[in-house]
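Residue numbers (the numbering used here): 976 to 1347.
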């Protein structure tokens, strides 16, 4: 019997969209051996030379001109991609998409980015007969996600569902599942074993992520965290930003036995398990991974747009706090020290909320769609 084929389409505008696609791909194959998956960053696949230039330009705009990006985001917030824009996207960047689908013959297409979502919607309008499932990877919904050809939306929260309903999406087409994370984040690991394996000391440990998006270019912020290095263990993950990693390795402030600098790693789930606090930009995927691990979070300067909405959701529900000054960092680091010394009870105002998130729910919802 032929395996069910699932095509997952994303784009390289930030890592979170593609992370979500791979998380679903791996979890679907783990849940059922009768499913075959394929993940494509569609633009990169069709235009491997051009796409990196576009993604780099986008990243520089977001990092260097966040106010401009925020203005663009808000100006189009309630607007779907019109048919002219969809046609332009298709003609310029996605002209071979129909051929890709014809070759792969998927039973279901899942989109984790608005651009391939718009392109597949247009193909469905012109006769493509494949169910389209759209997974919105933030705690808000921009108008570019919305298209009448989408069969099912899988969203993060009831608030996002309400926003879709206000934009005319039928209630039966929206399901609240939470944002998917990789199966590695579904279960905790043994903390003491990890500490020994990673060569960490029995100190309060803070994981810092987001170096690729300017977080570590803020000298004042770096001073605020490194002056605690004798008492707090810092794990700083820079991902694929090799230049930033090399720069920090040469900086005397980071040449300390309590500071660990990481490049790209596939073990962020384990580093979260061994950490007491996460400092990060409020990106949808990283925040959801922290949610899955139940780790409190401090959020650094959100990019105007979806990160502001993510920040709003996570702070309102008690999952973390925005860094507004050095006092925020000092308060939390002092709290970690007191708890480590047994002078403070664990702070868990959102413990019940943490437990309500089921990281496997999105994958199981897709399994139901495939069975139908």
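Backbone N, C-alpha and C define an ideal beta-carbon position, used for all residues, glycine too. All values reported here derive from a predicted model rather than from experimental measurement.
Is the CB-CB distance between residue i and residue j below 7 Å?
| i | j | result |
| --- | --- | --- |
| residue 1226 | residue 1301 | no |
| residue 993 | residue 1004 | no |
| residue 1335 | residue 1152 | no |
| residue 1223 | residue 1236 | yes |
| residue 1337 | residue 1155 | yes |
| residue 1275 | residue 1245 | no |
| residue 1084 | residue 1056 | no |
| residue 1116 | residue 1144 | no |
| residue 1289 | residue 1280 | no |
| residue 1204 | residue 1234 | yes |
| residue 1179 | residue 1251 | yes |
| residue 1121 | residue 1100 | no |
| residue 1086 | residue 1109 | yes |
| residue 1267 | residue 1157 | no |
| residue 983 | residue 1017 | no |
| residue 1219 | residue 1213 | yes |
| residue 1196 | residue 1215 | no |
What is the C-beta distance between residue i and residue j, in whole angstroms, given that I count them as a contact (C-beta under 8 Å)?
| i | j | result |
| --- | --- | --- |
| residue 1076 | residue 1105 | 7 Å |
| residue 1184 | residue 1261 | 6 Å |
| residue 1088 | residue 986 | 4 Å |
| residue 1312 | residue 1247 | So it is not a contact: roughly 20 Å between Cβ atoms. |
| residue 1278 | residue 1041 | 5 Å |
| residue 1021 | residue 1052 | At roughly 28 Å, the Cβ-Cβ gap does not stay under 8 Å, so residue 1021 and residue 1052 are not in contact. |
| residue 1258 | residue 1282 | 6 Å |
| residue 1146 | residue 1140 | 6 Å |
Hey, how far is the Cα of residue i from the Cα of residue j?
| i | j | result |
| --- | --- | --- |
| residue 1202 | residue 1249 | 21 Å |
| residue 1307 | residue 1209 | 13 Å |
| residue 1029 | residue 1269 | 35 Å |
| residue 996 | residue 1263 | 14 Å |
| residue 1343 | residue 1150 | 12 Å |
| residue 1113 | residue 1299 | 22 Å |
| residue 1103 | residue 1054 | 24 Å |
| residue 1009 | residue 1032 | 40 Å |
| residue 1243 | residue 1160 | 9 Å |
| residue 1323 | residue 1166 | Low per-residue confidence applies at residue 1323: pLDDT is 46, beneath 50, and the placement is therefore not dependable, though the value from the model is reported in the following sentence. Whole-angstrom Cα-Cα distance: 18 Å. |
| residue 1331 | residue 1024 | 43 Å |
| residue 1000 | residue 1111 | 16 Å |
| residue 1129 | residue 1148 | 9 Å |
| residue 1228 | residue 1271 | 25 Å |
| residue 989 | residue 1060 | 21 Å |
| residue 1131 | residue 1316 | 37 Å |
| residue 1002 | residue 1050 | 36 Å |
| residue 1091 | residue 1346 | 24 Å |
| residue 1273 | residue 1297 | 6 Å |
| residue 1014 | residue 1079 | 11 Å |
| residue 1326 | residue 1119 | Per-residue confidence for residue 1326 stands at a pLDDT of 48, beneath the threshold of 50, marking its modelled position as unreliable; the derived number appears in the next sentence. Looking at the two C-alpha atoms, the distance is approximately 34 Å. |
| residue 1193 | residue 1231 | 19 Å |
| residue 1320 | residue 1058 | Reliability fails at residue 1320, whose pLDDT of 49 lies under 50, so the model's placement of it is uncertain and no value is given. |
| residue 1333 | residue 1006 | 15 Å |
| residue 979 | residue 1175 | 44 Å |
| residue 1168 | residue 1047 | 47 Å |
| residue 1163 | residue 1043 | 40 Å |
| residue 977 | residue 1074 | 21 Å |
| residue 1217 | residue 1305 | 29 Å |
| residue 1291 | residue 1265 | 16 Å |
Quick check: is the beta carbon of residue i nearer than 7 Å to any beta carbon in chain B?
| i | result |
| --- | --- |
| residue 1178 | In the structure shown, chain B cannot be found, because there is only a single protein chain. |
Are there any heavy atoms of the ligand ATP lying less than 6 Å away from the beta-carbon of residue i, as far as the coordinates show?
| i | result |
| --- | --- |
| residue 1086 | The model on display carries no ligand, and the ligand ATP is accordingly not part of it. |
Say whether the segment 1119 to 1137 touches the segment 1095 to 1102, bearing in mind that this needs 3 or more beta-carbon pairs closer than 8 Å, one atom from each stretch. yes
Starting from the N-terminal side, write out each stretch of the beta strand (DSSP E) that is 3 residues or longer and does not extend beyond the segment 1079 to 1166. If we require 3 residues or more, the beta strand (DSSP E) runs fully inside the segment 1079 to 1166 come out as 1083 to 1086, 1107 to 1110, 1127 to 1130 and 1149 to 1151.
Whole beta strand (DSSP E) elements within the segment 1233 to 1298, 3-residue minimum: 1234 to 1237, 1252 to 1255, 1272 to 1274 and 1295 to 1297
What are the uninterrupted segments assigned as alpha helix (DSSP H) that are 4 or more residues long and contained completely in the segment 981 to 1022, given in chain order? Here the runs fully enclosed are 990 to 1006 and 1017 to 1021.
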